[in-house]
Every structure is written in structure tokens, then in C-alpha cells.
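Colleague: Please read through the structure below; I'll follow up with questions.
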Amino acid sequence: MRKNKKAFMGLAALAAVAVIGGTWAYWNQDLSAVNEFETGKYDTDITETFTPPAPGEWVPGVEVEKKVTVTNKGDVKLAALATVNQVWVRTEDVIDTDDENEGQPIPPKAGEYFDLMFQNGDAMEYASIVSWGSEVVALESVKDAAAGMGITATVSGLDDTAAAGKWVMVNAVNTKDTDGKETNSDGKGFSDVQFIYNGIVEAEGTDGKDATPLLLEGATLNKAINTTITAKKTTTSVDENGNTVTRTETTKNAAFGYDSAKYTMTINATTVQATKSAIEEIFGAKNINKDQIDEFLAVNGNHLMAEELPAETNETVQP
């Protein structure tokens, strides 16, 4: 009887512990897996060597250095496009002093555009002659436009071995300004020229492969250019009433007259992470045709970034 009483009291004590919050010592574990995803740095630049000439320094035959590359300043491999835009505009009126048109501005007037090219004898020539980089070529489909710009090396496509690692000219068009006005009204020459860099620009510090080759090296004012008014002849005489009369005759050469003007070259570049889907989307949005995109991807496929990283599990987390 005494033993049963002790057993009963022991069970009652355990029940009391459970009621007031005690726990049973079951086997148990709390598990977690923490994963960190680091994006790295995406940073690109147009890197150039250029000192703007002061007014009066850039005269016919003088070249101004302008060295341009696209540089990777980050951790992400990239592909690159570039567009070179050229515009000539009159900055102030050149006034005709000839008696017949005295006081009238000689076209183009201030704020109006010059054509990019002018007739020099039998040839059409650009007023500003661009010096392209040594690694610049053109597709055969645009060879005529390229030749007028001084790009004579051609390739059949981006999959041509001669196009590897080069800036390839793929398109040339004329565009309008923000007011919808043609910046190259007669269509001679092209105001926008588009290039693909046919390679992959590696991450910063990667054995000198973190920048494209030079797209261009400078610009020279065509030495055939003359002033708008090339000569003035002033004749002084006395009329029948004894009054002194002065007459001025001018010789005008408006087609060559790029004085009182400003030439603006704008380099626009687009860079994109070097994955297949990103290149297809961004290049396509910049009017690169599908065949050219496919050729680019075929040539540079071994250097693209993976769309999906391989799964590697070092330990298994079990329920």
C-alpha cells in the first residue's frame, strides 16, 4: 500500500510539471540555409582624349586629336554598339556686301545647317574628315557610304574572320533634330553612322581586354574649304554731280564656306551584359537586324556569360 502511494505521488508530480510549463526531451534540431547573391559592379565609359580647339585654331588642313574607346570599369563582361553623329551649323550670319544683295545674309543663315559634304570638282567630300581607328571596317552592304567617309576595309559579315575584334560599320542614315528638321538636308553624306564592336569587352583589369580598340582618332577640317566670301572688289569713283561713289562687288563661294560655323561630333554608345538574351533584346532595340545579331552571337558565343549558372550542392538539408 505504501509503494502504490509513492507511485501515485510521483505521477502526480510529473503531471504538475507538465501543467506549469515543463517540456519533454524529444530529439529535435533547428535547420537553416543562408545564401548570398552578389551582383558585382556594372560600370562602362566612353573614354576619350580630346581638347576642344579655341575659335580660330581649327582651320583647313588642321587635325584635332579625338581618340575614343568604350571601356569596362566593372566586373561584368559586355558587348558594345556606337553611333557617330555629325552636324554643321552656322553660328552667325555672314552678310553680303555686294550692292545687289547688300545687307542680306548668305545661306545658310545663323542657326541653319550646312550639308556635311560639298562638291569639290568632280568629287563630293566631307567638310570634316574623320580619322578612324585602325581596327575599323565596314560591311560590304554599306561600302559606298563607308568609302566616302574614308573607311575602305570591308567584310562580308560579322562572321568574316577579318571582322573579329573590330569595330564594324553596319548602317548609315540621316536624322532630324528635336524640331524635326533635317540636319543634312540634301542627303549627301550621312549624319549618323552605326557600329558594332565585334567582340566581348572583359571585366576591368583583364589583360588589357577591358576596352575596345580605338573607334576614331581625330578630325581634320578639309583643306579644300574656303571662306564664304572669297573676294571683295571695291571701286571708288566720282559721279556726274561730283559726289564720291563707292561700289563693292563680292565673290561668293557658299558651297565651301564653312566659316562662322560650329561642327559637332557626338559619340553615343550602348553597352549590355554579355548574355545571349540581353544582346538579342538590346541590339534589336537599336535596329541591328537579326542576321547580324545571330552572326555576332555565333562568333562570340564562347566568350558569353552563362544564362544559368551550374547547380553545385555541398551538403543536403533534410527535413
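Per mature numbering (1 follows the signal peptide of the UniProt record, and there is no 0): the sequence shown = residues -25 to -1, 1 to 294.
All residues carry an ideal CB built from backbone N, CA and C; glycine is no exception.
These numbers come from a predicted model, not from an experiment.
Which of the three DSSP states, helix, strand or coil, is assigned to Lys151?
Modeller: strand
Colleague: Just to confirm the assignment: which complete alpha helix (DSSP H) runs, minimum length 4, are found wholly within the region 80 to 129?
Modeller: Every alpha helix (DSSP H) of 4 residues or more that sits fully in the region 80 to 129 is shown, in chain order, as 118 to 123.
Colleague: For Leu284, does the count of other Cβ atoms within 10 angstroms reach 16, so buried, or fall short, so exposed?
Modeller: Flag for Leu284 reads exposed.
Colleague: From Gly232, Thr24 and Ile81, pick the residue whose C-alpha is nearest to that of Val45; which is it?
Modeller: Thr24
Colleague: Can you list, in chain order, the residues of its chain with a C-beta nearer than 7 Å to that of Ile200? Leave out the 5 residues immediately preceding and following it.
Modeller: Pro35, Ala102, Phe231 and Tyr233
Colleague: Can you say whether Ala194 is buried or exposed, counting buried as having 16 or more other CB atoms within 10 angstroms of its CB?
Modeller: buried
Colleague: Please determine, among Gly125, Gly155, Ser212 and Leu91, the residue with the shortest C-alpha to C-alpha distance to Lys163.
Modeller: Leu91
Colleague: By how many angstroms is the C-alpha of Trp63 removed from the C-alpha of Gly86?
Modeller: 10 Å
Colleague: Within a Cβ cutoff of 8 Å, which residues of the same chain sit near Glu270, ignoring the five residues on either side of it in sequence?
Modeller: Cβ neighbours of Glu270 within its own chain (closer than 8 Å, five residues either side excluded): Gly132, Leu133 and Asp134.
Colleague: Is there a C-beta anywhere in chain B that falls below 9 Å from the one on Ala194?
Modeller: This model lacks chain B altogether, as it is built from one protein chain only.
Colleague: Excluding the 5 residues flanking Lys84 on each side, which residues of the same chain have their C-beta closer than 7 Å to its C-beta?
Modeller: Arg65 and Asp68
Colleague: Nearest to Leu196 by CA position, among Thr181, Val117, Glu38 and Gly15, is which residue?
Modeller: Glu38
Colleague: Nearest CA to the CA of Thr219: which residue from Thr226, Thr209 and Pro188?
Modeller: Thr209
Colleague: Cα-Cα, which of Gln267, Tyr88 and Asn10 is closest to Phe170?
Modeller: Cα-wise, what sits closest to Phe170 is Gln267.
Colleague: Would you kindly work out how many angstroms separate the C-alpha atoms of Glu179 and Gln4, rounded to a whole number?
Modeller: 46 Å
Colleague: Buried or exposed: where does Val213 fall if 16 or more other Cβ atoms within 10 Å of its Cβ makes it buried?
Modeller: So Val213 ends up on the exposed side.
Colleague: Buried or exposed for residue 297, going by 16 or more other Cβ atoms inside 10 Å?
Modeller: Summary: the structure shown does not reach residue 297, with the chain confined to residues -25 through 294, and so no result is reported for it.
Colleague: Using the three-state DSSP reduction, which class does Ser235 fall into: helix, strand or coil?
Modeller: coil
Colleague: From Asn243 to Thr202, what does the alpha carbon distance come to, in whole angstroms?
Modeller: 31 Å
Colleague: Lys265 and Thr245: beta carbons closer than 9 Å?
Modeller: Going by C-beta atoms, Lys265 is not nearer than 9 Å to Thr245.
Colleague: May I ask which residues mark the beginning and end of the alpha helix (DSSP H) holding Asn275?
Modeller: Lys265 to Asn275
Colleague: Our contact map puts Asp167 next to Thr187 with C-beta atoms below 8 Å; I'd like the distance itself, whole angstroms only.
Modeller: Here Asp167 is actually not in contact with Thr187; their C-beta atoms are around 19 Å apart, not less than 8 Å.
Colleague: Using three-state DSSP, classify Ile204 as helix, strand or coil.
Modeller: strand
Colleague: Is it the case that the region 248 to 263 contacts the region 108 to 128, given that we only count it when at least three CB pairs across the two stretches are under 8 Å?
Modeller: no
Colleague: DSSP puts Ala244 in a beta bridge; with which residues?
Modeller: Paired residue(s): Ala57.
Colleague: Which two residues bound the contiguous alpha helix (DSSP H) that contains Glu215?
Modeller: For Glu215, no alpha helix (DSSP H) segment is defined, and its DSSP state is neither H nor E.
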